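In what follows, a single structure is set out as structure tokens and then discussed.
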Amino acid sequence: MKTSEVFGVSNKQVASYIEREEVDTEFVKGLELNKHIIIFGASKQGKTALTNKHLQEDQFVRVNCAPQTTSIDIYKSILRQLDVEFEEERTERSSVETSAKALLKVKVKIPIFGSGEAGTEGEGKCEKENETKYTSIEYNLALPQDVSEILKAITFNKRIILENFHYLDEDIQKELAFHLRVFEDANILFIVLGIWREKNRLAQYNGDLQDRLIEIPVEPWTKVNFRKVAEIGENLLKVSLIQIIDDIILNSFDSIGVFQELCKESCLAGNVTETQIKEVHITEEHLDVAKTKKLDDYSGRHIRSIETFVEQRAKSSNEVPLYIAYYFIKHLFSLNFDSIQEGIKRPVLHEGIKSIHHRPNDVRASDISYFLHNIVATQVKKNIIPPLFDYDRSTRKLKIIDSTLYFFLRNANKDEVLEELDLPI
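Residue numbering for the sequence shown follows my numbering, beginning at 2 and increasing consecutively.
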């Protein structure tokens, strides 16, 4: 067995996957209930791996969301993957209609079971394909009720997985939160995967979803979990990580993705590319090589992301921006690591930014609130994917949601990073 099949972050299931009762067992129980499932947590914490472990490919339809994806795009993707034939019809939109009412009418070929002829294409013709008769019915893909009727007509009984839900525009997320309520009544069930750390994210958009969703946080990962993952990998590859396991856990910062990558790179540094005949001991020297490799891997993206994040241009010649993002990063870099991991309270962040700002009296609480409430949308708009930061409105804390950023902050030279940023004055 290859090392990359045992350890590491991959779209395929790695052999060192472990099941956790509070996560895997709850997910399996959730699949037996008629409820939507929300899987959330920081990046690279095992959300996709969880679905891959417990669902076969013929049990779900997966849609990968992107920043430009709309609800109609999602529904069209679902129908295409189910081989549902449909013809789009363009419709004119009046000026009083909102984007939410931008209707997309389609004619869908629906199979008719039982005897009798079926009219097709609205022309009264009879069509027979593989002994199944079809009829074309007009639906509106902007309406979840119509979409659910299409799926019920083809006896759809799979789960729909929405991957990277956090990439969607916030207005689309809110729209889908209301659509999910309609789909629940039709027993069309979704699994939503998103990078955030706050509970009840979708219920905040639609209070009617409260108690109607099963929420599964994939965090935290414990030291016991990490040791179990390592033990499985050791047995499969015939290696020993005993000399470095504590150091690997320390440098993983509760991220299974970082842990998996450090295990993989440490083994590769010890020339273990596949299962060994005789046990090989992986040493601190090998781990040092792995840490250097991962710092190089993570640094390029994080430095570019931070540079992009702090960029701000005046909207007019008379405007003098406050450059809140720049001072946020500067304040973040000054904090001790425990404070960063716990999350930063909004009032604490406000005072921290004011203390280093070149115009402290101009930094109002409302400026900080606006910055925090739009922080994910700003990152997505600037193509910072996955996002680095999110604001939990329920706890009023700003949190890091890219688990590799912790590793970067602990190991990178933050002073050098700050020196490379454009000063706002």
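Here a beta-carbon is modelled for each residue, glycine too, at the ideal position from N, C-alpha and C.
From a predicted model like this one, the values you see are computed outputs, not experimental measurements.
query, result
"Neighbour-count burial assignment, residue 374, 16 or more Cβ in a 10 Å radius", "exposed"
"Three or more C-beta pairs below 8 Å linking the region 200-215 and the region 58-65", "no"
"From 35, 34, 51, residue whose alpha carbon lies closest to that of residue 41", "51"
"Residue interval of the alpha helix (DSSP H) (run including residue 407)", "404-412"
"Helix, strand or coil at residue 102 [DSSP, three-state]", "In this predicted model, residue 102 has a pLDDT of only 46, less than 50, meaning its place in the structure is not dependable; the value taken from the coordinates is given anyway. In the structure shown, residue 102 sits in a helix (DSSP, three-state: H, G or I)."
"Identified DSSP bridge partners for residue 141", "106"
"Contact belief for residue 163 with residue 264 at Cβ below 8 Å, rounded distance in angstroms", "About 30 Å separates the two Cβ atoms, so there is no contact after all."
"Residue from 422, 400, 177, 137 whose Cα sits closest to the Cα of residue 203", "177"
"Close beta carbons around residue 122, own chain, < 7 Å, minus the five adjacent residues each side", "Low confidence applies to residue 122: its pLDDT is 44, below 50, so where it sits in the model is not reliable enough to give any reading."
"Coil, strand or helix - residue 367 by DSSP", "helix"
"Buried or exposed (CB count within 10 angstroms, at least 16 for buried), residue 332", "buried"
"Distance between beta carbons of residue 299 and residue 425, contact taken as under 8 Å", "About 26 Å; that fails the 8 Å criterion."
"Neighbourhood of residue 55 by C-beta distance below 8 Å, restricted to the same chain and skipping five residues each side", "25, 28, 29, 32"
"Among 194, 36, 237, 337, nearest to residue 188 - alpha-carbon criterion", "36"
"Residue 267 in three-state terms, based on DSSP", "helix"
"Environment of residue 186 [buried if 16+ CB atoms lie within 10 Å]", "exposed"
"Buried versus exposed call for residue 77 [16 or more other C-beta atoms within 10 Å across all chains shown]", "buried"
"Closest by C-alpha distance to residue 48, when choosing among 7, 12, 210", "12"
"Cβ-based burial, residue 172 [other Cβ within 10 Å; buried from 16]", "exposed"
"Separation of residue 361 from residue 326, as counted between CA atoms", "14 Å"
"Coarse secondary structure for residue 118, derived from DSSP in three states", "Any reading at residue 118 must be qualified, since the residue scores a pLDDT of 40, below 50, and its modelled position is unreliable; the value itself is stated next. Of the three classes helix, strand and coil, the one that applies to residue 118 here is coil, per DSSP."
"Where the beta strand (DSSP E) through residue 216 begins and ends", "214-218"
"Any chain D beta carbon closer than 8 Å to residue 63", "No chain D is present in this structure, which holds just one protein chain."
"Same chain, Cβ closer than 7 Å to residue 6, five either side skipped, listed in chain order", "15, 16"
"Neighbourhood of residue 268 by C-beta, 7 Å cutoff - its chain only, sequence neighbours within 5 removed", "4, 8, 238, 240, 283"
"Inter-residue Cα distance where the pair is residue 143 and residue 71", "10 Å"
"Separation of residue 243 from residue 236, as counted between CA atoms", "12 Å"
"DSSP state of residue 486 mapped onto helix, strand, coil", "Residue 486 cannot be examined here, being either before or after the span of the chain that is shown, 2 to 426."
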